[in-house]
Amino acid sequence: MNHTYLCIDLKSFYASVECVARGLDPMTANLVVADPTRTEKTICLAITPAMKALGIKNRCRIFEIPKTVDYMIAPPRMQKYMEVSADIYAIYLKYISKEDIHVYSIDEVFMDVTDYLALYRLSAKQLGFQIMQDIFKKTGIRASCGVGSNMYLAKVALDITAKHADDFIGELDEESYRQTLWTHKPLTDFWRVGAGIARRLDIFGIRTMGDVAAADENLLYKLFGVDAELLIDHAWGREPVTIADIKSYRPRTNCLTSGQVLGSDYPFDKGLLIVKEMMDLLCLDLVEKNLVTRSVTLHVGYSNRLGTPSAHGTADLQTYTNSDRIILPAVTELYKKIVNPEWSIHRVNITCNHVMPEEYHQYNFFVDAEELEKNRKVQEAVISIKNKFGKDAILKGMNLEEGATTRERNHQIGGHRAE
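Using my numbering, you'd call the opening residue of the sequence shown number 9 and step up by one each time.
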(Lines of atoms letter the chains of each structure in order from A and count residues from 1; the text may use other names and numbers.)
(Lines give C-alpha, C1' and ligand atoms only; values in the text may rest on other atoms or scores of the structure.)
Protein backbone atom coordinates (compact mmCIF):
# COMPACT_ATOMS: atom_id res chain seq x y z
CA MET A 1 0.00 0.00 0.00
CA ASN A 2 1.28 3.46 -0.90
CA HIS A 3 1.37 5.93 1.97
CA THR A 4 1.56 9.69 2.22
CA TYR A 5 3.13 11.32 5.26
CA LEU A 6 3.40 14.81 6.68
CA CYS A 7 6.19 15.86 9.02
CA ILE A 8 5.37 19.16 10.73
CA ASP A 9 7.90 21.17 12.73
CA LEU A 10 7.21 24.26 14.83
CA LYS A 11 9.81 26.83 13.78
CA SER A 12 12.21 27.78 16.60
CA PHE A 13 9.52 26.59 18.99
CA TYR A 14 10.78 27.76 22.40
CA ALA A 15 11.88 31.13 21.00
CA SER A 16 8.59 31.53 19.11
CA VAL A 17 6.57 30.89 22.28
CA GLU A 18 8.56 33.57 24.11
CA CYS A 19 8.17 36.05 21.24
CA VAL A 20 4.41 35.52 21.06
CA ALA A 21 4.16 36.04 24.83
CA ARG A 22 5.91 39.41 24.36
CA GLY A 23 3.88 40.45 21.32
CA LEU A 24 6.92 40.09 19.03
CA ASP A 25 7.29 38.52 15.59
CA PRO A 26 9.73 35.57 15.81
CA MET A 27 10.71 36.16 12.18
CA THR A 28 12.04 39.66 12.93
CA ALA A 29 12.84 39.79 16.68
CA ASN A 30 16.26 38.87 18.06
CA LEU A 31 15.63 36.58 21.04
CA VAL A 32 17.37 33.59 22.57
CA VAL A 33 16.05 31.12 25.14
CA ALA A 34 18.77 30.49 27.72
CA ASP A 35 19.21 30.51 31.48
CA PRO A 36 20.96 33.80 32.35
CA THR A 37 21.81 32.50 35.84
CA ARG A 38 24.28 30.03 34.30
CA THR A 39 27.63 30.95 32.80
CA GLU A 40 28.31 32.40 29.35
CA LYS A 41 29.00 28.83 28.26
CA THR A 42 25.35 27.86 28.67
CA ILE A 43 23.76 26.56 25.48
CA CYS A 44 20.89 28.51 23.92
CA LEU A 45 17.89 26.17 23.80
CA ALA A 46 16.51 28.12 20.83
CA ILE A 47 17.10 31.29 18.83
CA THR A 48 14.66 33.09 16.56
CA PRO A 49 14.77 32.77 12.76
CA ALA A 50 15.89 36.40 12.66
CA MET A 51 19.08 35.47 14.51
CA LYS A 52 19.62 32.40 12.33
CA ALA A 53 19.46 34.74 9.34
CA LEU A 54 22.48 36.55 10.84
CA GLY A 55 24.47 33.30 10.62
CA ILE A 56 24.17 32.43 14.31
CA LYS A 57 23.90 28.69 14.96
CA ASN A 58 20.80 27.36 16.67
CA ARG A 59 22.50 25.53 19.55
CA CYS A 60 25.18 28.15 20.13
CA ARG A 61 26.50 29.22 23.50
CA ILE A 62 25.89 32.72 24.81
CA PHE A 63 29.53 33.80 24.39
CA GLU A 64 29.43 32.76 20.72
CA ILE A 65 26.81 35.39 19.83
CA PRO A 66 28.60 38.40 18.28
CA LYS A 67 28.76 41.38 20.61
CA THR A 68 27.42 43.57 17.81
CA VAL A 69 24.05 41.76 17.84
CA ASP A 70 21.37 43.30 20.04
CA TYR A 71 19.09 40.58 21.44
CA MET A 72 16.87 39.60 24.36
CA ILE A 73 17.38 36.60 26.64
CA ALA A 74 14.28 34.70 27.74
CA PRO A 75 14.73 32.24 30.63
CA PRO A 76 13.38 28.78 29.68
CA ARG A 77 9.86 27.92 30.82
CA MET A 78 9.49 24.22 30.07
CA GLN A 79 6.03 23.89 31.59
CA LYS A 80 4.79 26.69 29.32
CA TYR A 81 6.27 25.04 26.24
CA MET A 82 4.61 21.74 27.12
CA GLU A 83 1.25 23.48 27.49
CA VAL A 84 1.56 25.20 24.10
CA SER A 85 2.69 21.94 22.52
CA ALA A 86 -0.40 20.22 23.95
CA ASP A 87 -2.61 22.98 22.52
CA ILE A 88 -1.05 22.44 19.09
CA TYR A 89 -1.48 18.68 19.38
CA ALA A 90 -5.19 19.35 19.92
CA ILE A 91 -5.16 21.17 16.56
CA TYR A 92 -3.64 18.10 14.89
CA LEU A 93 -6.45 15.99 16.35
CA LYS A 94 -9.02 18.15 14.55
CA TYR A 95 -7.67 16.73 11.29
CA ILE A 96 -5.98 13.39 12.04
CA SER A 97 -6.73 10.54 14.46
CA LYS A 98 -4.18 9.98 17.22
CA GLU A 99 -3.55 6.46 15.81
CA ASP A 100 -2.10 8.12 12.71
CA ILE A 101 0.11 10.63 14.59
CA HIS A 102 3.60 9.92 15.91
CA VAL A 103 4.96 12.59 18.26
CA TYR A 104 8.66 12.77 17.44
CA SER A 105 9.50 15.58 19.87
CA ILE A 106 7.85 18.48 21.67
CA ASP A 107 7.86 20.50 18.44
CA GLU A 108 7.69 17.88 15.68
CA VAL A 109 5.20 15.20 14.59
CA PHE A 110 4.72 12.69 11.80
CA MET A 111 1.24 12.06 10.37
CA ASP A 112 0.03 9.30 8.07
CA VAL A 113 -2.52 11.22 5.99
CA THR A 114 -3.08 8.45 3.42
CA ASP A 115 -6.74 7.88 4.32
CA TYR A 116 -7.60 11.54 4.88
CA LEU A 117 -6.85 13.13 1.52
CA ALA A 118 -9.95 11.78 -0.23
CA LEU A 119 -12.04 12.67 2.83
CA TYR A 120 -10.94 16.32 2.79
CA ARG A 121 -10.60 16.44 -1.02
CA LEU A 122 -7.19 18.01 -0.58
CA SER A 123 -3.68 17.16 -1.71
CA ALA A 124 -1.16 16.35 1.02
CA LYS A 125 0.49 19.72 0.48
CA GLN A 126 -2.85 21.53 0.78
CA LEU A 127 -3.71 19.65 3.97
CA GLY A 128 -0.30 20.45 5.46
CA PHE A 129 -0.72 24.12 4.59
CA GLN A 130 -4.19 24.20 6.17
CA ILE A 131 -2.88 22.71 9.42
CA MET A 132 0.04 25.16 9.45
CA GLN A 133 -2.37 28.08 8.99
CA ASP A 134 -4.57 26.81 11.80
CA ILE A 135 -1.56 26.60 14.14
CA PHE A 136 -0.52 30.16 13.30
CA LYS A 137 -4.07 31.50 13.71
CA LYS A 138 -4.55 29.84 17.12
CA THR A 139 -1.07 30.29 18.62
CA GLY A 140 0.89 32.80 16.52
CA ILE A 141 3.57 30.15 15.93
CA ARG A 142 4.76 29.39 12.41
CA ALA A 143 5.42 25.87 11.22
CA SER A 144 7.12 24.16 8.30
CA CYS A 145 6.08 20.89 6.68
CA GLY A 146 7.56 17.99 4.77
CA VAL A 147 5.46 15.76 2.52
CA GLY A 148 6.79 12.33 1.57
CA SER A 149 5.84 8.90 0.31
CA ASN A 150 7.42 7.46 3.48
CA MET A 151 8.46 8.83 6.88
CA TYR A 152 12.09 9.29 5.90
CA LEU A 153 11.27 11.32 2.80
CA ALA A 154 8.78 13.44 4.75
CA LYS A 155 11.51 14.22 7.30
CA VAL A 156 14.13 15.02 4.64
CA ALA A 157 11.60 17.19 2.77
CA LEU A 158 11.08 19.09 6.02
CA ASP A 159 14.76 19.41 6.95
CA ILE A 160 16.26 20.20 3.54
CA THR A 161 13.60 21.11 0.96
CA ALA A 162 11.04 23.10 2.99
CA LYS A 163 13.52 25.75 4.15
CA HIS A 164 14.04 26.85 0.53
CA ALA A 165 10.30 27.03 -0.29
CA ASP A 166 8.29 30.24 -0.06
CA ASP A 167 5.45 28.43 1.70
CA PHE A 168 7.82 26.41 3.97
CA ILE A 169 6.54 23.12 2.54
CA GLY A 170 8.80 20.55 0.89
CA GLU A 171 7.62 17.50 -1.03
CA LEU A 172 9.53 14.35 -2.05
CA ASP A 173 8.98 10.89 -3.44
CA GLU A 174 11.71 8.34 -4.19
CA GLU A 175 12.24 9.61 -7.74
CA SER A 176 12.39 13.32 -6.94
CA TYR A 177 14.63 12.55 -3.95
CA ARG A 178 17.20 10.88 -6.18
CA GLN A 179 16.96 13.58 -8.82
CA THR A 180 17.30 16.56 -6.49
CA LEU A 181 19.18 15.38 -3.39
CA TRP A 182 21.61 12.68 -4.46
CA THR A 183 24.26 15.37 -4.92
CA HIS A 184 23.31 17.43 -1.85
CA LYS A 185 26.03 18.27 0.67
CA PRO A 186 26.76 17.96 3.51
CA LEU A 187 25.62 14.44 4.36
CA THR A 188 24.86 15.54 7.91
CA ASP A 189 21.81 17.43 6.61
CA PHE A 190 20.14 14.05 6.17
CA TRP A 191 18.14 12.48 8.98
CA ARG A 192 20.15 10.03 11.12
CA VAL A 193 23.51 10.84 9.53
CA GLY A 194 25.68 12.26 12.29
CA ALA A 195 29.13 13.81 12.08
CA GLY A 196 30.80 10.53 13.05
CA ILE A 197 29.10 8.58 10.25
CA ALA A 198 29.93 11.32 7.75
CA ARG A 199 33.63 11.31 8.77
CA ARG A 200 33.93 7.56 8.34
CA LEU A 201 32.31 7.71 4.89
CA ASP A 202 34.46 10.66 3.84
CA ILE A 203 37.63 8.58 4.27
CA PHE A 204 36.41 6.46 1.34
CA GLY A 205 35.33 9.44 -0.78
CA ILE A 206 31.64 8.95 0.03
CA ARG A 207 30.27 12.45 0.47
CA THR A 208 26.70 12.39 -0.92
CA MET A 209 23.68 10.09 -0.76
CA GLY A 210 24.34 9.30 -4.41
CA ASP A 211 27.80 8.13 -3.39
CA VAL A 212 26.28 5.94 -0.66
CA ALA A 213 23.87 4.39 -3.17
CA ALA A 214 26.76 3.61 -5.53
CA ALA A 215 29.11 2.34 -2.81
CA ASP A 216 30.13 -1.28 -2.27
CA GLU A 217 27.58 -2.63 0.21
CA ASN A 218 30.17 -4.99 1.71
CA LEU A 219 32.24 -1.92 2.66
CA LEU A 220 29.24 -0.24 4.27
CA TYR A 221 28.39 -3.37 6.30
CA LYS A 222 32.03 -3.60 7.38
CA LEU A 223 31.93 0.02 8.56
CA PHE A 224 28.51 0.09 10.24
CA GLY A 225 27.37 -3.51 10.74
CA VAL A 226 23.63 -4.04 10.61
CA ASP A 227 23.07 -0.24 10.65
CA ALA A 228 24.36 -0.17 7.07
CA GLU A 229 20.98 -1.55 5.98
CA LEU A 230 19.26 1.62 7.19
CA LEU A 231 21.86 3.85 5.53
CA ILE A 232 21.52 2.01 2.20
CA ASP A 233 17.70 2.18 2.31
CA HIS A 234 17.82 5.90 3.06
CA ALA A 235 20.33 6.51 0.27
CA TRP A 236 17.71 5.17 -2.16
CA GLY A 237 14.86 7.04 -0.41
CA ARG A 238 13.35 3.88 1.04
CA GLU A 239 11.84 3.47 4.52
CA PRO A 240 9.73 0.40 5.34
CA VAL A 241 8.68 1.43 8.85
CA THR A 242 5.20 2.95 9.18
CA ILE A 243 3.48 4.79 12.03
CA ALA A 244 1.41 1.66 12.60
CA ASP A 245 4.67 -0.27 13.09
CA ILE A 246 5.85 2.30 15.65
CA LYS A 247 2.55 2.16 17.53
CA SER A 248 2.63 -1.63 17.74
CA TYR A 249 6.31 -1.90 18.77
CA ARG A 250 6.99 -3.32 22.22
CA PRO A 251 10.60 -3.47 23.51
CA ARG A 252 11.91 -6.79 24.81
CA THR A 253 13.18 -5.17 27.98
CA ASN A 254 12.55 -1.87 29.76
CA CYS A 255 14.76 0.40 31.78
CA LEU A 256 14.45 3.49 33.95
CA THR A 257 17.08 6.20 33.53
CA SER A 258 18.13 9.45 35.17
CA GLY A 259 20.93 11.77 34.10
CA GLN A 260 22.26 15.25 34.66
CA VAL A 261 25.04 17.53 33.52
CA LEU A 262 26.44 19.32 36.56
CA GLY A 263 26.63 23.09 36.62
CA SER A 264 30.34 22.88 37.46
CA ASP A 265 33.00 20.22 37.88
CA TYR A 266 32.54 18.21 41.10
CA PRO A 267 35.22 16.49 43.19
CA PHE A 268 34.95 12.78 43.98
CA ASP A 269 33.04 13.08 47.28
CA LYS A 270 30.47 15.55 45.98
CA GLY A 271 30.04 13.42 42.88
CA LEU A 272 29.09 10.53 45.17
CA LEU A 273 26.52 12.79 46.83
CA ILE A 274 24.92 13.46 43.43
CA VAL A 275 24.83 9.74 42.61
CA LYS A 276 23.15 8.98 45.96
CA GLU A 277 20.54 11.70 45.42
CA MET A 278 19.74 10.49 41.91
CA MET A 279 19.57 6.83 42.94
CA ASP A 280 17.34 7.64 45.91
CA LEU A 281 14.83 9.34 43.59
CA LEU A 282 15.00 6.47 41.11
CA CYS A 283 14.16 4.05 43.93
CA LEU A 284 11.08 6.11 44.79
CA ASP A 285 10.17 6.16 41.10
CA LEU A 286 10.39 2.36 40.96
CA VAL A 287 8.19 2.01 44.03
CA GLU A 288 5.60 4.46 42.73
CA LYS A 289 5.39 2.62 39.40
CA ASN A 290 5.38 -0.80 41.08
CA LEU A 291 8.55 -1.85 39.27
CA VAL A 292 11.68 -3.71 40.34
CA THR A 293 15.17 -4.01 38.85
CA ARG A 294 17.93 -6.61 38.98
CA SER A 295 20.93 -4.40 38.12
CA VAL A 296 21.93 -0.74 37.94
CA THR A 297 24.38 0.78 35.45
CA LEU A 298 26.37 3.88 36.39
CA HIS A 299 28.05 6.12 33.81
CA VAL A 300 30.17 9.03 35.07
CA GLY A 301 31.69 11.58 32.70
CA TYR A 302 34.77 13.48 33.83
CA SER A 303 35.48 17.17 33.35
CA ASN A 304 35.63 18.24 29.70
CA ARG A 305 39.05 19.71 30.40
CA LEU A 306 40.52 16.31 31.17
CA GLY A 307 39.70 14.63 27.87
CA THR A 308 39.65 11.24 29.64
CA PRO A 309 37.32 8.26 29.05
CA SER A 310 34.18 8.07 31.16
CA ALA A 311 33.77 5.65 34.06
CA HIS A 312 31.21 2.92 33.39
CA GLY A 313 30.03 -0.12 35.32
CA THR A 314 27.05 -2.21 36.44
CA ALA A 315 26.04 -3.37 39.91
CA ASP A 316 24.32 -6.79 40.08
CA LEU A 317 21.78 -6.59 42.91
CA GLN A 318 21.45 -10.41 43.20
CA THR A 319 17.65 -10.06 43.35
CA TYR A 320 14.88 -8.00 41.80
CA THR A 321 14.15 -5.06 44.10
CA ASN A 322 13.20 -1.40 44.41
CA SER A 323 14.44 -0.98 47.97
CA ASP A 324 16.86 1.87 48.61
CA ARG A 325 18.33 -0.23 51.42
CA ILE A 326 19.64 -2.68 48.84
CA ILE A 327 20.22 -0.46 45.82
CA LEU A 328 21.94 2.59 47.39
CA PRO A 329 24.80 0.64 49.04
CA ALA A 330 25.37 -1.34 45.82
CA VAL A 331 25.57 1.80 43.69
CA THR A 332 27.77 3.55 46.27
CA GLU A 333 30.20 0.62 46.18
CA LEU A 334 30.14 0.65 42.36
CA TYR A 335 30.93 4.39 42.29
CA LYS A 336 33.93 3.96 44.58
CA LYS A 337 35.13 1.05 42.46
CA ILE A 338 34.97 2.61 38.98
CA VAL A 339 35.46 6.38 39.51
CA ASN A 340 38.93 7.86 39.75
CA PRO A 341 39.02 9.98 42.96
CA GLU A 342 41.66 12.27 41.44
CA TRP A 343 39.48 13.48 38.55
CA SER A 344 36.61 15.97 38.60
CA ILE A 345 33.13 14.88 37.54
CA HIS A 346 30.81 16.69 35.14
CA ARG A 347 28.09 14.22 34.04
CA VAL A 348 26.20 11.39 35.72
CA ASN A 349 23.79 8.85 34.22
CA ILE A 350 22.12 6.00 36.12
CA THR A 351 20.05 3.24 34.51
CA CYS A 352 17.92 0.61 36.24
CA ASN A 353 18.11 -2.33 33.85
CA HIS A 354 15.51 -4.93 32.88
CA VAL A 355 12.79 -3.45 35.06
CA MET A 356 9.68 -5.59 35.49
CA PRO A 357 6.31 -5.32 37.27
CA GLU A 358 6.67 -5.99 40.97
CA GLU A 359 3.86 -8.56 41.07
CA TYR A 360 6.07 -11.03 39.19
CA HIS A 361 8.84 -10.72 41.79
CA GLN A 362 9.38 -13.02 44.75
CA TYR A 363 11.81 -12.45 47.62
CA ASN A 364 14.76 -14.84 47.75
CA PHE A 365 15.93 -16.71 50.84
CA PHE A 366 18.78 -14.28 51.52
CA VAL A 367 16.60 -11.19 51.95
CA ASP A 368 14.97 -10.10 55.19
CA ALA A 369 11.43 -9.71 53.87
CA GLU A 370 10.12 -8.10 57.06
CA GLU A 371 12.79 -5.39 57.06
CA LEU A 372 12.22 -4.70 53.38
CA GLU A 373 8.46 -4.41 53.95
CA LYS A 374 9.06 -1.79 56.66
CA ASN A 375 11.37 0.06 54.29
CA ARG A 376 8.73 -0.18 51.56
CA LYS A 377 6.11 1.46 53.80
CA VAL A 378 8.49 4.34 54.51
CA GLN A 379 9.11 4.83 50.78
CA GLU A 380 5.37 4.78 50.07
CA ALA A 381 4.75 7.36 52.82
CA VAL A 382 7.42 9.65 51.33
CA ILE A 383 5.82 9.34 47.89
CA SER A 384 2.35 10.08 49.27
CA ILE A 385 3.53 13.23 51.09
CA LYS A 386 5.48 14.47 48.05
CA ASN A 387 2.50 13.93 45.76
CA LYS A 388 0.21 15.81 48.14
CA PHE A 389 2.42 18.66 49.28
CA GLY A 390 5.10 18.95 46.61
CA LYS A 391 8.53 17.47 45.93
CA ASP A 392 10.21 19.63 48.58
CA ALA A 393 7.81 18.49 51.34
CA ILE A 394 10.28 15.83 52.48
CA LEU A 395 14.03 16.18 52.05
CA LYS A 396 16.82 13.99 53.34
CA GLY A 397 19.90 15.33 55.09
CA MET A 398 22.00 14.74 51.98
CA ASN A 399 19.67 17.02 49.98
CA LEU A 400 20.73 19.91 52.23
CA GLU A 401 24.47 19.36 51.88
CA GLU A 402 26.64 21.73 49.87
CA GLY A 403 26.63 20.72 46.21
CA ALA A 404 23.35 18.77 46.38
CA THR A 405 21.07 19.35 43.39
CA THR A 406 17.77 17.64 44.24
CA ARG A 407 16.02 20.78 45.51
CA GLU A 408 16.98 22.68 42.36
CA ARG A 409 16.02 19.78 40.08
CA ASN A 410 12.64 19.50 41.80
CA HIS A 411 11.70 22.71 40.02
CA GLN A 412 13.05 21.76 36.59
CA ILE A 413 11.78 19.85 33.58
CA GLY A 414 14.38 18.13 31.46
CA GLY A 415 17.16 19.90 33.35
CA HIS A 416 15.73 23.36 32.67
CA ARG A 417 13.53 25.76 34.61
CA ALA A 418 9.87 24.72 34.57
CA GLU A 419 8.71 28.31 35.04
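Glycine included, every Cβ here is placed at the ideal spot set by N, Cα and C.
Exercise. What's the gap between the Cα of R215 and the Cα of N38?
Worked result: 35 Å
Problem set entry | Buried versus exposed, by CB contacts within 10 Å (16 or more), F118 | buried
Problem set entry | Those runs of the beta strand (DSSP E) which lie wholly inside the region 132–177 and span at least 3 residues | 151–156
Exercise. How many Å lie between T329 and M287 at the Cα?
Worked result: 13 Å
For this session: Could you tell me which of Y124, D43 and I139 sits nearest to L18, measuring between CA atoms?
Result: I139
For this session: Tell me whether E350 sits in a helix, a strand or coil according to DSSP, three-state version.
Result: coil
Exercise. Three-state secondary structure (DSSP) at Y310?
Worked result: strand
Exercise. Ordered along the chain, which non-local residues of its own chain (more than five positions away) have a Cβ less than 7 Å from that of L239?
Worked result: V220, L228 and F232
Problem set entry | Rounded C-alpha distance that separates S256 from H362 | 20 Å
Exercise. From F373 to Q326, what distance separates their C-alpha atoms?
Worked result: Below a pLDDT of 50, predicted positions are generally treated as unreliable, and F373, at 45, falls in that range; the measurement from the model is reported next regardless. Roughly 11 Å separates the two Cα atoms.
Problem set entry | Nearest-angstrom beta carbon gap, L289 and L264 [assumed within contact, 8 Å] | With 8 Å as the limit, L264 and L289 do not qualify as a contact, their Cβ atoms being about 11 Å apart.
For this session: Note down, in chain order, each residue of its chain lying with its Cβ closer than 7 Å to the Cβ of I104, except the 5 sequence neighbours on either side.
Result: M119, V121 and Y124
For this session: Work out the CA separation of F276 and I335 for me, nearest whole Å.
Result: 20 Å
For this session: Tell whether a beta-carbon distance below 9 Å holds between Y112 and D241.
Result: no
For this session: Quick one: residues in its chain with C-beta nearer than 7 Å to the C-beta of V41, no 5 flanking neighbours on either side, listed in chain order?
Result: Y22, A23, E26, C52, L53, A54, A82 and P84
Exercise. Among residues of its own chain, excluding the 5 on either side of P74, which ones have a beta-carbon nearer than 7 Å to its beta-carbon?
Worked result: none
Exercise. Is the beta carbon of I11 less than 9 Å from the beta carbon of N158?
Worked result: According to the sequence provided, residue 11 is His. The question's Ile does not apply to it. Contact flag set, yes.
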